[in-house]
Amino acid sequence: MSAVLQCRDLRLRYGDLVALDGLSLDVEPGRMTGFVGPNGAGKTSTMRIVLGVLGPDEGTVTWEGRPLDAAARRGFGYMPEERGLYPKMRVADQLVYLARLHGLDGPDAVRAADDLLDRLDLTDRARDELEALSLGNQQRVQLAAALVHRPSLLVLDEPFSGLDPIGVDVLAGVLREEVDRGVPVLFSSHQLELVERLCDSVAIVKSGRIVAAGEVEALRRRDRRRLLRVEVDAPDRHWLDGLPGATAIGPAHDGGLLVELADDADPQLLLDRARAAGPVTHFSTVLPSLTELFREVVA
Amino acid sequence: MNSPRWLVAKRELTERARSRAFQVGTLIQLVAIAVVLVIASVTGGGDDTKTVALVGQASQPYAQALRAAGPALDATIETRDYPNRAAAAKAVEDGDADAAVVDGAEVLVEDDPSDTLAAAIQATRGQLALREALDRAGVPPAQLQAALDPAPLQVRVLEPQNEDRSTRQGIAFVAVLLLYLAIFTYGLWVAGGIVEEKASRVIEVVLSAIRPRELLFGKIVGLGLLGLGQFALVLAVGVIGASLLGSVDLPHVTVGWVAIVALWFLLGYALYATVYAVAGALVSRQEDLQSSTGALNMVVIGSYILSFVALQDPDGTLMTVVSFLPPSAPMAMPARWLVSDVPLWQLLVAIALTLVTTAGTLRLASVVYARAALRIGPKLSLRKALASREG
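Going down the list, the sequences are from chains A and B. Positions 0 to 298 (numbering that gives the first Met the number 0) are the ones given, in order, by the first sequence. Positions 0 to 390 (numbering that gives the first Met the number 0) are the ones given, in order, by the second sequence.
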């Protein structure tokens with residue numbers, strides 16, 4: 000499937016500070032895209048440009064092949080990094096208001112707000128002022144504010160930060176539902192295990208440009224290093240001594256020995272050596288985790 | 000009514016009307032108006048009715064003559080018969096009557112022997128004595144009537160209008176005060192409403208759906224409509240209350256006057272709301288609002304004091320000047336219009352000047368707002384905001 004949202008060569012400066020340096024990013028429908036990178040790499044700026052609250056110095060954003068305009072943006076849903084809604088406004092009123100700002104008509108907005116409050120288990124708080132809710136429930140309302148108009152694209156800036164494990168599960172479940180409806184979802188996060196678990200695609204940004212992007216699996220396979228995990232019933236590691244191109248890295252966290260192979264080394268020779276030392280119970284290629292990948296490309 | 004501007008306006012109006020601060024504020028204003036009206040009605044003024052108690056046959060001729068003397072005392076005089084001196088004295092002491100005439104020979108008043116009512120009774124006695132003397136001398140009734148009730152002298156007014164000028168001036172002072180309070184209060188609403196969205200960070204969510212211009216416009220219109228409603232309510236309660244209590248003379252409150260005050264309320268609000276919007280956009284916390292609106296508050300207060308001082312001499316040069324200058328025109332021009340004859344072209348020029356200025360401040364406000372709305376942090380200077388990029 001092709002990208003519905005395409006950012007091309009975005010550039011943005013704040014005085015001397017270069018925030019975006021030719022950033023290009025694709026978001027595909029029905030996929031969850033994780034947006035990761037160190038602080039200050041340009042994630043929030045990119046999201047703000049997509050939402051139109053910020054204009055780039057250069058570069059284009061297209062939606063369904065056409066330059067992104069205000070009408071298309073009105074359909075987007077956004078959760079900014081700086082959370083906030085009207086503290087003294089009633090929860091349901093707030094959601095209806097935001098839905099209408101996004102273009103829903105009155106009755107439709109009321110229905111959408113009711114459905115969503117039900118989905119997020121907030122129905123009995125609908126008539127309360129936002130500030131009367133617990134922090135966790137306020138975060139749910141914030142999520143509802145991004146979803147209430149049934150957005151055509153969801154952009155969430157650090158949506159998981161500050162959530163307890165149950166909150167994480169609720170949010171992950173809701174986002175998965177949206178993706179299953181065919182909505183493209185882009186979210187940024189520093190919790191890389193979470194991104195690895197939830198996302199279909201990932202884009203790693205560093206200093207205002209994308210340094211790695213694509214399906215998580217493909218990125219992991221693309222890694223230059225060849226790592227293998229070997230479990231063999233041998234008294235020590237000496238069976239590996241003298242095998243050209245093979246280096247023992249240490250014990251793997253899930254048991255056995257982690258071995259790095261040089262590009263020209265043959266894994267079959269490694270297997271032969273291992274079998275000579277004792278019965279081999281496990282022999283596999285190990286892909287780097289997203290965290291390892293991240294450290295490598297961002298370093 | 001589905002446009003973002005109207006949605007924002009509606010939210011501003013309903014949410015503020017729902018707030019305790021607004022409800023308490025409105026209540027305080029209504030109570031203040033009621034207190035002023037009651038004090039005004041207690042301290043008199045307006046229509047005055049005085050009652051004279053009459054005792055005995057000899058006092059009866061006073062009845063008609065005293066009633067006729069009423070207008071000269073700026074009062075309506077009524078007479079009431081009492082059976083004896085004691086009853087009349089009690090009525091005067093209790094305040095049921097203001098004075099009593101006993102047997103055509105004695106006047107009873109409560110405490111002040113030189114009371115104007117007592118003086119009128121004395122004058123009436125002179126008139127009655129004269130009539131009796133002439134009657135006894137055999138003057139024919141027609142001549143007697145002519146002598147005692149001559150055709151009134153013709154009154155020629157040398158400075159027309161001067162008559163109710165002080166009343167008009169009083170109303171103008173009240174109008175200036177009300178306009179000042181309205182502009183000040185509702186201007187601060189706008190600044191506060193803008194900061195509120197920045198302080199709670201909801202601004203970014205809203206601006207991801209609509210443009211800054213739409214949000215600003217909706218906010219100013221919504222708060223303005225609510226302000227107009229509150230202003231009209233207080234005004235209506237004041238005017239209706241005053242006429243019910245009869246406490247204040249409202250001689251010529253015409254539709255035209257109300258329209259002029261309402262028009263200048265709208266003009267003044269539009270002008271100052273846009274500038275207060277700029278002041279609000281430059282800060283991110285309610286605590287910083289005072290420093291960013293400080294200079295502007297001075298302009299509003301200064302314009303009010305200037306208009307107030309100038310109104311002492313409604314035809315003076317100062318009044319003419321301040322009624323044209325946009326910062327003070329919304330208070331001074333309607334006040335001047337209420338008191339003196341302002342040529343229509345002057346009114347139109349003042350309106351045009353205010354509108355042109357408002358167009359300028361609105362432009363400034365939408366530029367500054369678009370650039371500063373997402374800036375969270377310490378107070379921005381106006382120059383810095385103008386030099387920065389959007390967002």
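We treat Cβ as the ideally placed atom computed from N, Cα and C, and that holds for glycine. For clarity, every value in this text was computed on a predicted model and none was experimentally measured.
Expected contact under 8 Å - CB spacing of residue i and residue j to nearest Å
i: L22 of chain A; j: V204 of chain A; result: 7 Å
i: F264 of chain B; j: L324 of chain B; result: Their Cβ separation, rounded to whole angstroms, is 18 Å, which puts F264 of chain B and L324 of chain B out of contact at 8 Å.
i: P150 of chain A; j: F34 of chain A; result: Incorrect: roughly 17 Å between the Cβ atoms, too far for contact.
i: T48 of chain B; j: D95 of chain B; result: Between D95 of chain B and T48 of chain B the Cβ distance is about 12 Å, and since that is not below 8 Å, they are no contact.
i: L224 of chain B; j: A8 of chain B; result: 7 Å
i: L257 of chain A; j: R221 of chain A; result: About 19 Å; that fails the 8 Å criterion.
i: Q126 of chain B; j: L143 of chain B; result: Contact flag wrong, Cβ pair sits at about 12 Å.
i: L347 of chain B; j: L281 of chain B; result: Actually they are not in contact, since the Cβ atoms of L347 of chain B and L281 of chain B sit about 34 Å apart, beyond 8 Å.
i: L6 of chain B; j: G255 of chain B; result: About 36 Å separates the two Cβ atoms, so there is no contact after all.
i: V54 of chain B; j: N83 of chain B; result: 6 Å
i: Y77 of chain A; j: A145 of chain A; result: 6 Å
i: L94 of chain A; j: L191 of chain A; result: In fact, because the Cβ distance is near 32 Å, the residues do not count as touching under 8 Å.
i: S283 of chain B; j: A198 of chain B; result: 6 Å
Residue from the options with nearest C-alpha to residue i
i: L218 of chain A; options: A:Q190, A:G161 and A:P287; result: A:P287
i: P86 of chain A; options: A:E128, A:Y96 and A:E80; result: A:E128
i: G135 of chain A; options: A:P158, A:G58 and A:R73; result: A:P158
i: R47 of chain A; options: A:A261, A:E295, A:D163 and A:E80; result: A:E80
i: D231 of chain B; options: B:Q28, B:E131 and B:A146; result: The question names Asp, yet the displayed sequence has Ala at residue 231 of chain B. Nearest C-alpha to A231 of chain B: B:Q28.
i: P377 of chain B; options: B:S199, B:Y368 and B:L288; result: B:L288
i: V367 of chain B; options: B:G359, B:L373, B:S290 and B:A384; result: B:A384
i: A108 of chain A; options: A:V231, A:D265 and A:V147; result: A:V147
i: L270 of chain B; options: B:T357, B:P140 and B:A146; result: B:T357
i: V201 of chain B; options: A:R82, A:L174 and A:V26; result: A:R82
i: G181 of chain A; options: A:P28, A:T284, A:A144 and A:G254; result: A:P28
i: A91 of chain A; options: A:D68, A:L67, A:R126 and A:H252; result: A:R126
i: L269 of chain A; options: A:A247, A:D56, A:D253 and A:L289; result: A:A247
i: L119 of chain A; options: A:Y77, A:G41, A:G213 and A:A143; result: A:A143
i: L305 of chain B; options: B:V175, B:S380, B:V341 and B:S291; result: B:V175
i: G301 of chain B; options: B:G24, B:E109 and B:F183; result: B:F183
i: V210 of chain A; options: A:V297, A:Q5, A:A69 and A:Y96; result: A:V297
i: L292 of chain A; options: A:V215, A:M88 and A:P278; result: A:V215
i: P266 of chain A; options: A:P243, A:G249 and A:A276; result: A:P243
i: A369 of chain B; options: B:V205, B:R10 and B:V154; result: B:V205
i: Q5 of chain A; options: A:A18, A:V26 and A:A261; result: A:V26
i: R73 of chain A; options: B:V233, B:A334 and B:S207; result: B:S207
i: R274 of chain A; options: A:E177, A:L197, A:D232 and A:G207; result: A:D232
i: G267 of chain B; options: B:L178, B:L337, B:A119 and B:A31; result: B:L178
i: V303 of chain A; options: A:G14, A:D20, A:M31 and A:L24; result: Since the displayed chain A opens at 0 and closes at 298, residue 303 of chain A lies outside it and no answer follows.
i: D262 of chain A; options: A:L226, A:H252, A:D240 and A:L132; result: A:L226
Neighbour list for residue i in chain A, Cβ cutoff strictly below 8 Å
i: I219 of chain B; result: Here the premise fails: no neighbours, minimum Cβ distance about 17 Å.
i: V207 of chain B; result: Reading off the sequence, residue 207 of chain B comes out as Ser, not Val. Neighbours of S207 of chain B on chain A, chain order: L50, G51, V52, R72, F75, Y77 and P79.
i: L6 of chain B; result: Y96, R99 and L100
Contact set between residue i and chain A, taken where Cβ atoms lie within less than 7 Å
i: E203 of chain B; result: V52, P79 and E81
i: E11 of chain B; result: The contacting residues do not exist; E11 of chain B stays about 11 Å from chain A at best.
i: E286 of chain B; result: Those do not exist, as E286 of chain B stays about 16 Å from chain A at its closest Cβ, beyond 7 Å.
i: E77 of chain B; result: Residues of chain A passing the Cβ test: none, with the nearest at roughly 58 Å.
Partners in chain A for residue i, counting only beta-carbon separations shorter than 9 Å
i: I375 of chain B; result: E81
i: S18 of chain B; result: K87
i: E109 of chain B; result: Residues of chain A passing the Cβ test: none, with the nearest at roughly 58 Å.
Under 8 Å from the C-beta of residue i: neighbouring residues of chain B
i: A144 of chain A; result: V204
i: D104 of chain A; result: N1
i: P86 of chain A; result: S199
At least three beta-carbon pairs within less than 8 Å, the region 174-188 of chain B to the region 291-299 of chain B: Enough Cβ pairs lie closer than 8 Å, so yes.
Continuous alpha helix (DSSP H) assignments of at least 4 residues falling wholly in the region 125-190 of chain A: Complete alpha helix (DSSP H) runs here, min 4: 134-146 and 164-179.
Contact between the region 230-247 of chain B and the region 190-199 of chain B (3+ Cβ pairs under 8 Å): Using a C-beta cut-off of 8 Å, the region 230-247 of chain B makes no contact with the region 190-199 of chain B, since fewer than three inter-stretch Cβ pairs fall below that distance.
Beta strand (DSSP E) runs contained entirely in the region 28-96 of chain A, provided each spans 3 or more residues: Runs of the beta strand (DSSP E) inside the region 28-96 of chain A: 31-35, 57-62 and 75-78.
Cβ pair count under 8 Å reaching 3, the region 301-316 of chain B against the region 167-174 of chain B: Yes, the region 301-316 of chain B touches the region 167-174 of chain B.
Those runs of the alpha helix (DSSP H) which lie wholly inside the region 68-155 of chain B and span at least 4 residues: The qualifying runs are 84-93, 115-135 and 140-147.
Cβ pair count under 8 Å reaching 3, the region 185-202 of chain A against the region 105-124 of chain A: In short, these stretches do not touch, since the Cβ pair count stays below three.
Three-pair Cβ contact test at 8 Å for the region 96-109 of chain B versus the region 57-67 of chain B: These segments touch.
Segments of 4+ residues assigned as alpha helix (DSSP H) that fall wholly inside the region 167-214 of chain B: Every alpha helix (DSSP H) stretch that sits fully inside the region 167-214 of chain B and reaches 4 residues is listed by chain position as 201-206.
Touch test, the region 159-168 of chain A against the region 62-69 of chain A, Cβ-Cβ under 8 Å, three pairs minimum: The region 159-168 of chain A is not in contact with the region 62-69 of chain A.
Any 3 or more C-beta pairs closer than 8 Å across the region 5-23 of chain A and the region 36-55 of chain A: The region 5-23 of chain A, when compared against the region 36-55 of chain A, does touch it at the 8 Å Cβ threshold.
Sufficient close CB pairs (3 or more, under 8 Å) joining the region 131-144 of chain B to the region 61-77 of chain B: In short, these stretches do not touch, since the Cβ pair count stays below three.
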